[in-house]
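A.B. asks:
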Amino acid sequence: MRPVSPEEKPNPLQDANFCSRLFSWWLNPLFKIGYERKLKQDDLYSVLPEDRSQRLGEELQGYWDREILRTQKDARKPSLMKTIIKCYWKLYFALGLLIFLEEGTKVVLPIFLGKIISYVENYDPDNSAALHEAYGYAAGLSACVLVWAVLHHLCFYHMQRVGMRLRVAVCRMIYRKSLHLSSSAMGKTTTGQIVNLLSNDVNRFDQVTMFLHYLWVGPLQAIAVTALLWMEIGISCLAGMAVLIILLLLQSCVGNSFSSLRSKTAALTDDRIRTMSEVITGIRTVKMNAWERSFIDLITRLRRKEISKILKSSYLRGMNLASFFAVSKIMIFVTFITNELLDNLITASQVFVVVMLFEALRFSSTLYFPMAVEKVSEAVVSIRRIKNFLLLDEIPELHPQQPSDGERIVDMQDFTAFWDEESETPSLRGLSFTVRPGELLAVVGPVGAGKSSLLRAVLGELPPRQGKVRVHGKIAYVSQQPWVFPGTVRSNILFGKKYEKDRYEKVIRACALEKDLQNLKENVIVRGDGGTPLSEGEKARVSLARAVYQDADVYLLDDPLICFCFLSFLLSKNITILVTHQLQYLKDASQILIMRDGKMVKRGTYSEFLKSGVDIFSLFEKGNEQSEPSPVPGAPTVISKSLVESFQSPRPSLKDAAPEDQDTENIQVTLPLEDHLEGKVGFKTYVNYFTAGADWPVIIFLMLVNITAQVRKGVYFGLCTQLDIYILFILWLTVSTLLFGITRSLLIFYILVYSSQTLHNKMLETILRSPVLFFNRNPIGRILNRFFKDIGHMDDLLPLIFQDFIQTFLLVIGVVGVMVAAIPWTAIPVIPLGIIFFFLRRYFLETSRDVKRLECTTRSPVFSHLASSLRGLWTIRAYKAEQKFQELFDAHQDLHSEAWFLLLTTSRWLAVYLDVICAIFVTAVAFGALILVETLDAGHVGLVLSLTITLTSIFQWCVRQSAEVENMMISVERVIEYTDLVKEASWELEYRPPPFWPNMGRISFNNVNFRHMSDGPLVLWNVYPTFYPGQKVGIVGRTGAGKSSLIAALFRLSEPGGSIYIDDILTTRIGLHDLRKKMSVALQEPVLFTGTMRENLDPFNEHTDNELWNALEEVQLKESIEGLPAKMNTKLAESGLNLSIGQKQLVCLTRALLRKNQILIIDKATSYVDPRTDELIQKKIRERFAQCTVLTVAHRLSTVIDCEWIRVLDSGTWKESNRPYYLLQNRNSLFYKMVQQLGEAEAAVLTKRPDIIHSDLVVMNVSSGQPSA
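Here the sequence shown is numbered in my numbering, starting from 1325 and rising by one per residue.
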């Protein structure tokens, strides 16, 4: 299973010969394509079999499982580090030996150099044997450079590939763990933390594998160099080596600081990403409440704390890099000073051998060793964080699903369970029931009674403290909040089942999806993190259709928002457990289970309830603690005999339409890659990047510091051979070079880290100023990718690479300048070398840039898939689809690996060619020096040859780093792209409404047309309602009729056509915040944030505790909150997972009531609440907001039946508008037909209620002059 994507291209590396692999010739066709046009996803080569996510993940998972078992036997804690070592040590150890060989060639180089200089010193034109010997040394020198070039890149490529494999394997383990987390474990982690583990933490593996071997290679090379130096100049070499040892000790201590800073930074990044994720997920709530500015301040504060830690670690990195460029000079200087003080004579050949031996140590001991210390310190922290996540509790093995021909049953006996182990109150207590095929168990009760927990227990999500639950049969589950994944409507319904046209069409009809699919087309792509462009009702129907199409044995339906009678004929031979607040469905139930506070209050058949005359509503009363409630005389019963009689016809089964051994097929997920820019990164991007961190005077000062530092280095090179004359001058140069180098490093890091902070804040503000349409079009993973991956690159990698490039670039200029000054003819090979490098770099970047952009865009689906899977976790597990989603994750990872692998190999392609050209350059200079030996002295030959060898490493490194800078600047380009998005209207305009506006609450729509996107269809057509001050209006209509769109137009979530006036002020004349702050809104989808209950009720601390408790009492939630361990200070899990959905809706409603605005809008905000609580809430709202305009959008007609006025929408137009009494008198009205569809009993109850309201209103209208029907 994999995402919908073009055919894979076979990877040419599989068939490449030895030379092609060694010199990366197999990449040449790709570079040709990249030079001619922009690369696309189709151009990526398929990932190699040994690099596939499934293979790598299963291998490492096997080692981890064995480690867990071993530690359980030995009673010790498991070690993820040991697991990783056991899995990869063989290959990695072999690479270590190759690195040792590669570094050995660098130690041998100075010996050959010394022999050549010695020949020049003792030149004898008549000694042909010495000349031949010198040619041999020159050949040896050239061979060493060539072998080093090939080995170095071979090792680095394979080490980076090990890092990639480890990262991919750990990512797969993290995702697999996410799919198996228990509910208690879900409360201990957040989506933000998992995303951070999957991005920043696993990135450490890519980096640590490159440098890890230098922890032992560096010291060993230092010992070998010390031995050779001792042979050359004796005891004075120890002075230089002492400097190195002191530096290595200091850098080891710095490693601890990196570890500590990494832990703190990771925790702060977790908080920032979690908050960002919650804001983007709940963006409609954030915008409609005008909270953008408050959340910008909150995230900016978190970012400021994070940056303070990043800056400290950046300064440490800057010091390490400065020491890399300066320490070899200090070592040389100290060695020669000591040698001078000991009065030892030293020849030119010895000088250059010493210089080159110290240079050999420069990379391995003063760059790679400290980087290894840093990366290991950070990797240890990341491994610890990942290990802690992998050790979280998993759900126990779910009930084995019996084959369909076996016994099918759901049996729960004396079941008691706790969601929170620390809680003293069980979530479910002593539940017992049995459901057999052909039976429907209806579960009812007030909000927070434990109804959804009962379904979770049947699913195996809620482990028992005592008792047991037995489930035989295949389960289909419909969650209370519908979940859809990225893909077509059809793929969401099929969910991996084979498409059968007849069955599919029957399911579509049964779930009333025909009209929706006519409007939407079934191949429309929906997103997993919002389901755009589906409404909540359409998502609910798709979710239900998915369950029905599965042809399961056990159907668990958690309060679906649609008419259950559509489905009754489908489920006759199956076990069905229906949790519902819609009591008209009880007529069809074989058993009715009434719950309150996790206990069973009463259980019986429909006829038993009917005979006893029990009022179901009375069982919902919080205060009623009797186990056997008495009938309420005179109260209208919801259940009636006529209802039973009208539904006696047998229900046909759909079983015959689908064979039980139905073939499955892949879940088709569609996640189109985001568009990316093409061509080179513009100069403007660089200017924006630098000026975001500092003003021009600081940047000019930085340039001057760089130039000054480099001039000193250039002079230093020139004076190296005349130490005895210029000793004090060289001392001054050494000290000043060190000081200028440190100043330069710290300044660059300061500017670039602050650039990252500034651009992050700009991007944050722009994102939150974007219209809702932006969030509808872009999955959450795509947006978050900018905030953690691209910003992460700007925080960590880019400043380091920029600093490295600037230093090496200036060093190359200095070295070339000294070489040409010493021996002018070296300009002859240097100039063509520079031209070749320039064109090679340009040719390389045409392809590399596109590969890097593809790598950035192929990351987003990985994070989007994770976020989508976490939202639909219970559904995925209920359908046993974990393996399918795991395979899908593997497919997304493999797609990213295709781009990442090409990124590694293309950079190696450039590096190999550059180093081979450099080796040819060294050969030309070495043999040229021997040919022109008569015109040169030993000092000049030694200087040019040593600088040439230095140049071979730093020249290609400079070109590669310049290319890497441009590749990394793509992250800056992507961030800047998000700082220049289309914004919605201004939050405040020059014209501000009066402070007391709106004082009446009159809302007038004048010929309003509305569409959610500029190129989309109209969802409201020429609507013109007027809502009068203080009026309580119910807005009803079929799902997709345009009810929520009307609210969106009022809040200007997209700019409406026509005009909307509130108290005679045109809404488009004022700022969005001035408009939105003056209306209170509670939406159907509850949005809660991680934090305490109090912080969720009053996010920005604007109300007293007394006000909060009063508001909670009004929404019937006070008792539930008082029952929490810390009352209002109880910490909520991410998205309020420790509350029922009905309770979450009530919390959001409380938030709206607290704002005390003249206009209150309730958009299906009590859809998950039981009817009695809903009725009480509506009554309280009418009392408290008697003088306010209240618009109530609802599916449940009992919610709006008591409103003064009902307006009926259908297909985006007004169909009816009148008082409920008059609409119910008209048998042709849509509203009357909607009421009759509920069944006779419910219709009878609803029809009576408007009588009272009508008689009340007649009196009110006479006195108040309100417009009447």
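We put the CB at the ideal spot given by N, CA and C, even for glycine.
1) Three or more C-beta pairs under 8 Å: does that hold for the segment 2148-2159 against the segment 2248-2263?
2) Identify every residue that forms a DSSP beta bridge with W1413.
3) Return the chain-ordered list of same chain residues with a C-beta closer than 6 Å to the C-beta of S1377, the five sequence neighbours on each side being excluded.
4) What are the boundary residues of the beta strand (DSSP E) that includes S1688?
5) With which residues is R2531 paired in a DSSP beta bridge?
6) Contact check, G1884 vs G1784 under 8 Å by CB: the rounded distance?
7) Please confirm if the segment 1464-1475 is in contact with the segment 1424-1436, defined as three or more CB-CB distances below 8 Å between the two stretches.
8) Does F2213 come out as helix, strand or coil in the three-state DSSP assignment?
9) Counting C-beta neighbours from all protein chains within 10 Å, is the total for L1585 16 or more, i.e. buried, or is it exposed?
10) Among residues of its own chain, excluding the 5 on either side of E1445, which ones have a beta-carbon nearer than 7 Å to its beta-carbon?
11) Which residue or residues does DSSP assign as beta-bridge partners of F1757?
12) Can you tell me the Cβ-Cβ gap for I2160 and A1646, rounded? I've got them flagged as a contact below 8 Å.
13) Might you give, ordered along the chain, the residues of its own chain that have their beta carbon closer than 6 Å to the beta carbon of D2339, omitting 5 neighbours on each side?
14) Using only the alpha-carbon positions, how far apart do I2091 and G2116 sit?
15) Short check: CB of K1798 to CB of D1877, under 8 Å?
16) Suppose you measure from the CA of G1460 to the CA of W1472; what does that come to, to the nearest Å?
17) DSSP three-state call for L2484: helix, strand or coil?
18) Please report how far the alpha carbon of I1409 lies from the alpha carbon of W1350, in whole angstroms.
19) Does DSSP classify Q1915 as helix, strand or coil?
20) Does DSSP classify M1322 as helix, strand or coil?
21) Residues in the same chain with beta-carbon distance under 6 Å from E1969, minus the five sequence neighbours each way, listed in chain order, please.
22) Measuring straight from C-alpha to C-alpha, what distance separates F2320 and H2427?
23) Just the Cα atoms here: how many angstroms apart are L1685 and K1653?
24) Mapping the DSSP letters down to three states, classify Y2385 as helix, strand or coil.
25) Please report the distance separating the alpha-carbon of S1951 from that of T1758.
26) Applying the 10 Å Cβ sphere with the 16-neighbour rule, what's the burial state of C2180?
27) Does the distance from the C-beta atom of L2594 to that of E2206 stay below 8 Å?
28) Note the first and the last residue of the continuous beta strand (DSSP E) segment covering A1458.
29) Assuming V2286 and F2129 make a contact with CB atoms under 8 Å, what is their CB distance in whole Å?
30) Name the DSSP bridge partner or partners of Q1790?
31) Which residue comes first and which comes last in the beta strand (DSSP E) that contains G2138?
32) Is the beta carbon of V1802 closer than 8 Å to that of A1834?
33) Which class does Y2352 belong to by DSSP, given the choice of helix, strand or coil?
34) Taking only the alpha-carbon atoms, compute the straight-line gap between L2436 and P2317 and give it to the nearest angstrom.
35) Looking at C-beta atoms only, is the number of pairs between the segment 2112-2127 and the segment 2076-2095 that lie closer than 8 Å three or more?
36) Is the CB-CB distance between R1598 and G1487 below 8 Å?
C.D. replies: Based on what the coordinates show:
1) yes
2) Translated into positions along the sequence shown, residue 1413 becomes position 89. None, per the DSSP bridge assignment.
3) For the purposes of this step, residue 1377 is taken as the residue at position 53 of the sequence shown. Same-chain partners within the cutoff: V1492, R1496, D2214, Q2217, D2218.
4) Counting from 1 along the sequence shown, the entry for residue 1688 is found at position 364. S1688 -> no beta strand (DSSP E), and no H or E assigned at all.
5) What you label residue 2531 is simply residue 1207 of the sequence shown in a count that begins at 1. Answer is I2359, S2541, bridged to R2531.
6) Translated into positions along the sequence shown, residue 1884 becomes position 560. Translated into positions along the sequence shown, residue 1784 becomes position 460. Residue identity check: residue 1884 is Pro in the sequence provided, not Gly. Not confirmed; about 21 Å, so no contact.
7) yes
8) If you number the sequence shown from 1, residue 2213 lands on position 889. Three-state DSSP puts F2213 in a helix.
9) Mapped onto the sequence shown, residue 1585 falls at position 261. So L1585 counts as buried.
10) Looking up residue 1445 in the sequence shown gives position 121. Result list for E1445: T1671, A1672, S1673, A2262, in chain order.
11) The residue labelled residue 1757 in the question sits at position 433 within the sequence shown. Answer by DSSP bridge pairing, in chain order: M1736.
12) Counting from 1 along the sequence shown, the entry for residue 2160 is found at position 836. Counting from 1 along the sequence shown, the entry for residue 1646 is found at position 322. In fact, because the Cβ distance is near 31 Å, the residues do not count as touching under 8 Å.
13) The sequence position of residue 2339 within the sequence shown is 1015, counting from 1. So the list is empty, once near-sequence residues are dropped.
14) Residue mapping note: residue 2091 aligns to position 767 of the sequence shown, counting from 1. Residue mapping note: residue 2116 aligns to position 792 of the sequence shown, counting from 1. The alpha-carbon atoms of I2091 and G2116 are separated by roughly 18 Å.
15) Position 474 of the sequence shown holds residue 1798. Position 553 of the sequence shown holds residue 1877. Yes, these two residues count as a Cβ contact at 8 Å.
16) What you label residue 1460 is simply residue 136 of the sequence shown in a count that begins at 1. What you label residue 1472 is simply residue 148 of the sequence shown in a count that begins at 1. Cα to Cα, the separation comes out at about 18 Å.
17) Within the sequence shown, residue 2484 is the residue found at index 1160, counting from 1. In the structure shown, L2484 adopts extended strand secondary structure according to DSSP, grouped into three states.
18) By 1-based counting over the sequence shown, the position of residue 1409 is 85. By 1-based counting over the sequence shown, the position of residue 1350 is 26. Taking the straight line joining both Cα atoms gives about 32 Å.
19) Taking the sequence shown and counting its residues from 1, the one referred to as residue 1915 is at position 591. Three-state result, Q1915: strand.
20) Coverage of the chain is limited to positions 1325 through 2593, which leaves residue 1322 absent and any answer about it impossible.
21) Within the sequence shown, residue 1969 is the residue found at index 645, counting from 1. Below a pLDDT of 50, predicted positions are generally treated as unreliable, and E1969, at 32, falls in that range; no measurement from the model is reported.
22) On the sequence shown, residue 2320 is found 996 positions in, with the first residue counted as 1. On the sequence shown, residue 2427 is found 1103 positions in, with the first residue counted as 1. Roughly 19 Å separates the two Cα atoms.
23) To locate residue 1685, count along the sequence shown from 1; it is residue 361. To locate residue 1653, count along the sequence shown from 1; it is residue 329. Their backbone Cα atoms lie some 12 Å apart in a straight line.
24) Indexing the sequence shown from 1 puts residue 2385 at position 1061. Y2385 falls in the strand class under three-state DSSP.
25) As a working mapping, residue 1951 is identified with position 627 in the sequence shown. As a working mapping, residue 1758 is identified with position 434 in the sequence shown. A caution first: S1951 carries a pLDDT of 31, below 50, which makes its placement in the model unreliable, though a value can still be read off. Roughly 20 Å separates the two Cα atoms.
26) Reading the sequence shown from its first residue, position 856 is the one you call residue 2180. Label assigned to C2180: buried.
27) The structure shown does not extend to residue 2594, since the chain is modelled only from 1325 through 2593, so no value can be given for it.
28) Taking the sequence shown and counting its residues from 1, the one referred to as residue 1458 is at position 134. Per DSSP, A1458 belongs to no beta strand (DSSP E); it is in the alpha helix (DSSP H), 1452-1504.
29) Within the sequence shown, the letter at position 962 stands for residue 2286. Within the sequence shown, the letter at position 805 stands for residue 2129. Position check: residue 2286 holds Ser in this sequence, whereas Val was assumed. Separation of the CB atoms of S2286 and F2129 is rounded to 6 Å, and the pair is thereby assigned contact status at 8 Å.
30) Taking the first residue of the sequence shown as 1, we reach residue 1790 at position 466. For Q1790, the pairing in a beta bridge is given by DSSP as T1740.
31) Position 814 of the sequence shown, counting from 1, holds the residue named residue 2138. Boundaries around G2138 are those of the alpha helix (DSSP H), 2121-2146, since no beta strand (DSSP E) includes it.
32) Sequence index remark: in the sequence shown, residue 1834 carries index 510 (1-based). Sequence index remark: in the sequence shown, residue 1802 carries index 478 (1-based). Cβ atoms of A1834 and V1802: not closer than 8 Å.
33) Locating residue 2352 in the sequence shown gives position 1028, counting from the first residue. DSSP places Y2352 in coil when its eight states are reduced to three.
34) Mapped onto the sequence shown, residue 2436 falls at position 1112. Mapped onto the sequence shown, residue 2317 falls at position 993. Their Cα atoms are separated by approximately 31 Å.
35) Cβ pair count under 8 Å is three or more, so yes.
36) Taking the first residue of the sequence shown as position 1, residue 1598 is located at position 274. Taking the first residue of the sequence shown as position 1, residue 1487 is located at position 163. No, they are not a contact pair.
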